[in-house]
Structure formats: C-alpha cells, structure tokens
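Colleague: Numbering (my numbering), first residue to last: 65 to 732. Have a look at this one.
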Amino acid sequence: MARTFSLRHRYTGDGIDFADRLNEQQLAVATEPGGPMLVIAGAGTGKTRALIYRLAWLLDHGTAPFAILLVTFTNRAAREMLHRVELLVRQDARQVWGGTFHHVANRVLRKYGARLGIPADFTILDRQDAADLMASCASELPIPGRGRRFPNKTLLLSMASFAANTLRPLSDVVPARYPVFADAVESITEILEIYTRRKRQRHLLDYDDLLTDWMHLLEQCEDVRSRLAEQFVHVLVDEYQDTNAIQGRIVDLLASQHRNICVVGDDSQSIYSFRGAHFANIMGFRDRYPDVRQYRLEINYRSTPQILALANASIEHNSRRLPKQLHAVRTSGMKVAVVPCADHFVQSRFVAEYILQLLDEGRSLLDIAVLYRSHWHCMEIQMELQRRNIPFQVRGGLRFFEQAHMKDVLSFLRLCHNPRDELAWQRALCLFPRIGTALSRTIWSHVAAALDPADAVRRLQSCPGLPQKATRSCAMFSSLVEDLARIGAPAEMMDKVLDCFYDDYLVSHYENAALRRQDLRALAEFAGQYRTVEAFLSDVALTGDFDGETCVAGPDEQEYATLSTIHQAKGLEWAVVLIPWLADGRFPTDLAINTPEDLEEERRVFHVAVTRAKDELYLAVPQVWSNRGGHRLLMKPSRFLTELTEADMLETMYLDDDLPHLTAGQLS
DNA sequence: AGAGTGGGCCTTTTT
DNA sequence: GGCCCACTCT
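Right, dumping it as structure tokens:
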C-alpha cells in the first residue's frame, strides 16, 4: 500500500491553484520537491496531467527550463506537454530538453560524440536503411551450408537490436530467443561485426547506436557525464514501463548527480518487449532507489464503469503485475458489445455501417477509432470505408517518410550531407536510366573515398569503365549533385531534385504520380523550417511521420475516423472504439501464444486497446476466415473474451438482415 | 553481363 | 502491398 498523502506542499501562489485542479495523488506528484519518485498510473488516470503540472510547478518554483529533462515515448507527446505547460506558466518552456530517448541522444552525440570518435556529421539510419546495409554485409560472407536455415536481414537486425537494447551478448540472445539459429551464431556474429565496421566507416548510426553510444559516452567520459548530470536537476520519464535495459541505465546515469528522478508508468500497459523493453525497470526501481516515494493513480476519468470492469477483469488473468484496480469516476454507460460476424468481410461491413449509424446519432468521425493488432487487419476495412466515402486516417503501416518516393528524394540530400553514405549513393544512382545495382556499385567504389560532394563528382567523372550507354545519366547525376551542394538549404534542394528529373521519374514509374508529387511538395514545405540538411534529416529519421500541427499527409477532410494499430494508439482516447479480429490466432496473434510471457504481453495489448474507449466499445468476432485459396476456416473467439467468466459483462449484438451473408462467389 | 520485369509468397508490434 | 527470385530483353 502506498503511503498516505499529506498536503504538505499545498501551493496557492498567485499563478496556478494546483490543489484546485488536481486530485490528491496528482497533487502530491506535482508538488514533490525532489528525490526519486515512482508513479504507477493506470490508463486514463490523468498521468499526463500530473506530469504537466509537475513541470509547471518546477518552473514556477525556480527550476531553469534547461535544467529539466523530459523523456517521452514519442516526440509529439513531449511537444504537446510542453505546449500545455507554457499555457500554464506563461513562460518559455522551449528550453526544456524534451523528446524521445533517440531524439535526445542525437542532440547529445552531435555535441559530445567526438569524444568517442563519433563524427559530428553522422547520418541516422532508419529501419529499412539498416536492413539494406545488413543485407549487403551478409552477402559478403559465403552462404553457410546449403539448405541450412539462416536468418534474413530483418531477423539479423532484430537480433542485433535486441542484444543492444537488453545489454546482453549475442551468444546469449540467439540461443535464448532464436533457438532455430543457435548453431549459426558464429556466422551471425561475423556479419554483425562487418555491419558495425561498415557503419563506422560510413559515418552511420542506427537507432540502437544512438542509445549505445550515448550510454558509452556517459560511462566512459567522466567529464561529459558530470556535466550532463549536473545540468539536469530534474529528470522525468514518461511511459517508464516501456523502457529497456539500456534506457534504464542512461536515465540512472543522468540522474546520478541530483537524484531528482521521477518515472511514470503502468506495468499493465507494457507492450514493447519485442524492443527489449521490460517492466523490470519499474519493478526494480525500488531496489535501485531505496528512498523512493511511490504514488499510485487509480482513479479513471476516461471510461464508463462497464469498460473499466472489462479492463480490470481481463488483466486479472496476468500473473506478473503490480496489483492495481481502475476506479471509475463516471457512473453510467452502455454495456460492452460483442459482435459475432460470419466472416471478415461481414466484419468490415459491420464496422463501416456502424460508423454511419454513429454519425446518424450525432457522433463526429473524430470520436471514432478502429484499433487492431496488426496492420494488415485493416485492409478490408479500408476498402469498405472507401466504398462508402467515409473519410479516415490510417496511423501506422508504411509511414510517410518510409515511402519509396520520399526515400528517393531524401537520398540526394543524404549523399550531399554525408558523401560516405553508400546507401544514399546507390539509391540515388539507380534512379537514372541505364544505371542499376551493378553499375552503381562500381561508381560507388570510385567515389567512396571522397570527402565532400564536389570531390565525389570529380571522382565520378573520371570513373573508368563507364559504359557508353550510361554516360548521359552520369552527366545528369553529376551536374545535379553539384547544384545541390551549392544550394545547401534543404527545401530548395528538394525542389531542385523534383524539377531536375524526379517529377518526370514519378510520371513514368507510378500510376499515382500526382499523389506522390503532392507528398513531396508537402515534404519540401516541411523542410522549409530547417536551416541545415543535418537537422532536417535527423528529424525525418527520428520522427517517421508527420503529426500534430504538421499533418499534411492526412486526408483533406476536417473530420475523419481513425484506423490504428493498438501500439500506435497508446496514450490516445476516443468516445467510440471498435476492435476487429477478436479471434484466436489474430488477437492474440498465433505468433505470441507459445510462452506465458508472450501471452501476458498480448493481454496487455488488449488492455491498452480496451482502455482507449471513453463511452462505447465494440468487439467484432469473425467466425470464419476465407484464406487466399478460397478455403474457409473456422475460427475460435479470442481467449481474451472466453476467459471472462462474469456473465453479464458483455452483451452480444446480433447483426440483422441489413448485413446479408456474402457467398463464396462474391468473394473474388 | 547486367538491367529491368513479372509472378509467387508472406503478413506482429516500432524509435 | 512488400520481398525475393527467376526470367527475359538489351
């Protein structure tokens, strides 16, 4: 049981009446002067509010903004929180260090990385780039034993990433997590060594390097550590349950001087173990900080009692968790509905038609979300919504900056900023006619030693062995790169690439050239905020998507329903939530039911999904699945539903004749 | 030889 | 829709 809460710090200064705007526990969190703090905050209990008021309180009580570090799960969360803080304290909060671990790492390493031999002009690899580089490293090794199973590039990257994030050696991670490849661990290690070397040579850092190098910097450079630990008088970490070993270590090092560390999280919402996250950090916090003050936020302001009853009852089935109950403030609501659907086509039609019905009842599309376990679960639903002209926005899946046309154009900026960036050179070169992978590799080998773009172009022009057919392309490429290097401002460079040839390339290579051009012009517009290519590229690599005030990728409509993976819906809420695919094998996915740990995480994902809903919750259960070959397979309802024994917790909603069965003939 | 294209296969979650 | 491989065309 948590300690009793006194109002020792009740603050009623002329600015903000903290006691009036927060409940007892939130107030205690906001006004604790310092020291280690652990805040266990269930879904919808106003933890963001507590954090915002804590920030406001700190600033109000004389803490300098640059002495505060606020680590959040997304950059957008940090931006929004600091914006709300500014409205409260009416002072500039922009100097607060806020953002994701990776974002702050980028900032720190640009400044101090040289101490570890990291060049200040490094380029950040996103997942695809890292995978491509990994593939090229793997191809340098002879193919190990014919017919033997060997991990592909994505899997290799996952292994490396998991090892890095959990601070465990590969020789330990592979047998434990990928037993199929246990006997290949030597080849795997060798490939990863090549990969690491290649990144160093090319001035490239992947996501894991940002964290690893940051930690090494703090561990190995005493002066840098004491400087940063001195600077950050207060360290606040949101979503602490989703931090991993390396992030936990970084936080501890940063807080080592002042020990004013406030971590906020909910073990029941820990859903990133595949990224090495483990709520061991939360569980072990008390051991690392014996003098910790612990707080518990359990009063839920978001959802109806019916929704919370379901959320509580479901998570009870997990054995490893901190005991906690969500208590409803709201007093009434509708029952949670289970909707059996003949198959997933009917399920899609139910979702679409029900959204129309909600609109008739006066709901706004902005109040409605469809949340699912895996991206591909929303394919049919998207088609169905499109057919009925229901505007929607999809979160997740292929992200804005990850689309091919984005990466094509960005590769030109990348090779100008960092001429050692092999991936960028190859991607850019291959866009020109008569230049493919083989020729681009030849060219790269002549350009690799260049120190700057102009030097690279000189080398390219004197490159021996260029086929006659490719000379025109090479000349075009050279003059474009020369021009770009001269321009230097990211937005104008993008325009130049588009004008010079990429607009034409789009038309001849894509059906939807106009749409893609629109995207690119929007990206150029966005680039206008940045003075340097470096700052622009870093943000692109670390953001993955436009969001918030820069939402240009979304639909033109003012109102739209939201389709999102549950992971991407974390921290958000909607009045009405529909969750499709509640069938065993889909949710929980059959990839995550082999160990009790996996299944418990899967149940936490369900918990997150359910607790996004404020008023109404619908769980669709397809009973038959028609696979590609037209075979119809029976599906069992999700165990997350059948395990709920309380009889009247759920209400079955039967679809009537407005949704006639589709016959197999109509499926194709 | 190497560039470009078409078909078959699979689909967890992400900074 | 993405990825990989094999095939064809130059």
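Idealized CB from N, CA, C, for every residue including glycine.
Tell me the DSSP bridge mates of residue 690?
Modeller: Position 626 of the first sequence, counted from the start, is the residue given in the question as residue 690. Partner(s): 696.
Colleague: Count Cβ pairs between the stretch 586-604 and the stretch 554-573 that sit closer than 8 Å; are there 3 or more?
Modeller: Yes: at least three Cβ pairs fall under 8 Å.
Colleague: Assuming residue 180 and residue 280 make a contact with CB atoms under 8 Å, what is their CB distance in whole Å?
Modeller: In the first sequence, the residue the question calls residue 180 occupies position 116. In the first sequence, the residue the question calls residue 280 occupies position 216. Their Cβ separation, rounded to whole angstroms, is 6 Å, which keeps residue 180 and residue 280 in contact under 8 Å.
Colleague: For residue 685, name the three-state secondary structure that DSSP assigns.
Modeller: Taking the first sequence and counting its residues from 1, one reaches residue 685 at position 621. Residue 685 falls in the strand class under three-state DSSP.
Colleague: Can you check which of these residues, 486, 458, 178, is closest to residue 790 by C-alpha distance?
Modeller: Lying outside 65 to 732, the shown extent of the chain, residue 790 is not represented and no answer is given.
Colleague: Using DSSP bridges, identify the partner residues of residue 161.
Modeller: By one-based count along the first sequence, residue 161 stands at place 97. Bridge partners of residue 161: 133.
Colleague: Going by alpha carbons, who is nearest to residue 333 out of 400, 521, 378, 309?
Modeller: In the first sequence, counting from the first residue as 1, residue 333 sits at position 269. The option with the nearest alpha carbon to residue 333 is 378.
Colleague: Suppose the cutoff is 7 Å on Cβ atoms and the five residues either side in sequence are ignored; what does the same chain contact list for residue 615 look like?
Modeller: The sequence position of residue 615 within the first sequence is 551, counting from 1. Any answer about residue 615 is weak, because its pLDDT of 40 lies below 50 and its placement is not dependable; what the coordinates show is given next. Counting only Cβ-Cβ distances below 7 Å, and skipping sequence neighbours, we find nothing.
Colleague: With a CB to CB cut of under 6 Å and the five nearest residues on each side skipped, what residues in its chain are close to residue 613?
Modeller: By one-based count along the first sequence, residue 613 stands at place 549. Here residue 613 scores only 35 on pLDDT, less than 50, and its place in the model should not be relied on; the value that follows carries that caveat. Closer than 6 Å at Cβ, skipping near neighbours: no residue.
Colleague: For the beta strand (DSSP E) that residue 359 lies in, which residues bound it at each end?
Modeller: Stepping through the first sequence from its first residue, residue 359 is reached at position 295. Counting along the chain, the beta strand (DSSP E) containing residue 359 begins and ends at 357-361.
Colleague: By a C-beta neighbour count over all protein chains shown, 10 Å radius and 16 as the cutoff for buried, is residue 210 buried or exposed?
Modeller: As a working note, residue 210 is residue 146 in the first sequence. Because the pLDDT at residue 210 is just 46, under 50, the model does not fix this residue reliably, and the point stays unresolved.
Colleague: Where DSSP assigns a beta bridge to residue 714, which residues make up the other side?
Modeller: Along the first sequence, read from residue 1 onward, the residue named residue 714 stands at position 650. In DSSP, residue 714 forms a bridge with 400.
Colleague: Buried or exposed for residue 532, please, with buried defined as at least 16 other CB atoms from any protein chain shown within 10 angstroms of its CB.
Modeller: Along the first sequence, one-based indexing puts residue 532 at 468. Under this definition residue 532 is an exposed residue.
Colleague: For residue 380, does the three-state DSSP call read helix, strand or coil?
Modeller: The count along the first sequence starts at 1 and reaches residue 380 at position 316. Note: residue 380 maps to coil in three-state DSSP.
Colleague: Residue 734: which of 666, 169, 360 sits nearest, CA to CA?
Modeller: Past the boundaries of the shown model lies residue 734; the chain is included only from 65 to 732, so the question cannot be answered.
Colleague: Looking only at its chain, what residues have a beta carbon closer than 8 Å to the beta carbon of residue 619, apart from the 5 residues adjacent to it on each side?
Modeller: Reading the first sequence from its first residue, position 555 is the one you call residue 619. Here residue 619 scores only 46 on pLDDT, less than 50, and its place in the model should not be relied on; the value that follows carries that caveat. Excluding sequence neighbours, residue 619 sits near 455, 456, 457.
Colleague: What residues are listed by DSSP as bridge partners for residue 457?
Modeller: As a first step, residue 457 must be located in the first sequence, where it is residue number 393. Residue 457 is bridged to 626.
Colleague: Quick check on residue 436: does DSSP put it in helix, strand or coil?
Modeller: In the first sequence, residue 436 corresponds to position 372, counting from 1. The answer is strand: DSSP assigns residue 436 an E or B state.
Colleague: Using 9 Å as the threshold, is the C-beta distance between residue 521 and residue 542 below it?
Modeller: Stepping through the first sequence from its first residue, residue 521 is reached at position 457. Stepping through the first sequence from its first residue, residue 542 is reached at position 478. Cβ distance < 9 Å, so residue 521 and residue 542 count as in contact.
Colleague: I need the straight-line Cα distance from residue 55 to residue 715, nearest angstrom please.
Modeller: Since the first residue of the chain shown is 65 and the last is 732, residue 55 is not available in this structure.
Colleague: Would you report the Cα separation of residue 751 and residue 191, rounded to the nearest angstrom?
Modeller: Beyond the ends of the chain as shown, which are 65 and 732, falls residue 751; an answer cannot be given.
Colleague: Buried or exposed for residue 193, please, with buried defined as at least 16 other CB atoms from any protein chain shown within 10 angstroms of its CB.
Modeller: Residue mapping note: residue 193 aligns to position 129 of the first sequence, counting from 1. Buried: at least 16 other Cβ atoms inside 10 Å.
Colleague: Just curious, the beta strand (DSSP E) that residue 329 is in, first and last residue?
Modeller: Here residue 329 refers to the residue found at position 265 when the first sequence is read from its first residue. Counting along the chain, the beta strand (DSSP E) containing residue 329 begins and ends at 325-329.
Colleague: Taking the DSSP output, what are the residues bridged to residue 649?
Modeller: Along the first sequence, read from residue 1 onward, the residue named residue 649 stands at position 585. Beta-bridge pairing links residue 649 to 653.
Colleague: Since I believe residue 479 is in contact with residue 492 (beta carbons under 8 Å), could you give me their beta-carbon distance rounded to a whole number of angstroms?
Modeller: For this step, residue 492 is matched to residue 428 along the first sequence. For this step, residue 479 is matched to residue 415 along the first sequence. The Cβ separation is near 6 Å, so the contact holds.
Colleague: By alpha-carbon positions, which one of 185, 313, 359, 626 ends up nearest to residue 485?
Modeller: Along the first sequence, one-based indexing puts residue 485 at 421. Closest by alpha carbon: 185.
Colleague: Note down, in chain order, each residue of its chain lying with its Cβ closer than 8 Å to the Cβ of residue 178, except the 5 sequence neighbours on either side.
Modeller: Within the first sequence, numbered from 1, the residue matching residue 178 stands at position 114. Hits under 8 Å: 184.
Colleague: When DSSP labels each residue in this structure, what does residue 172 get in the three-state scheme?
Modeller: In the first sequence, counting from the first residue as 1, residue 172 sits at position 108. In this structure, residue 172 counts as helix in the three-state DSSP scheme.
Colleague: Are the stretch 332-348 and the stretch 360-371 in contact at 8 Å, needing three or more beta carbon pairs?
Modeller: They do not touch, by the three-pair rule.
Colleague: What residue range does the beta strand (DSSP E) around residue 104 cover?
Modeller: Indexing the first sequence from 1 puts residue 104 at position 40. That run of the beta strand (DSSP E) goes 101-105.
Colleague: Hey, would you say residue 544 sits closer than 9 Å to residue 476, going by beta carbons?
Modeller: Against the first sequence, residue 544 aligns to sequence position 480. Against the first sequence, residue 476 aligns to sequence position 412. A contact, by the Cβ cut-off of 9 Å.
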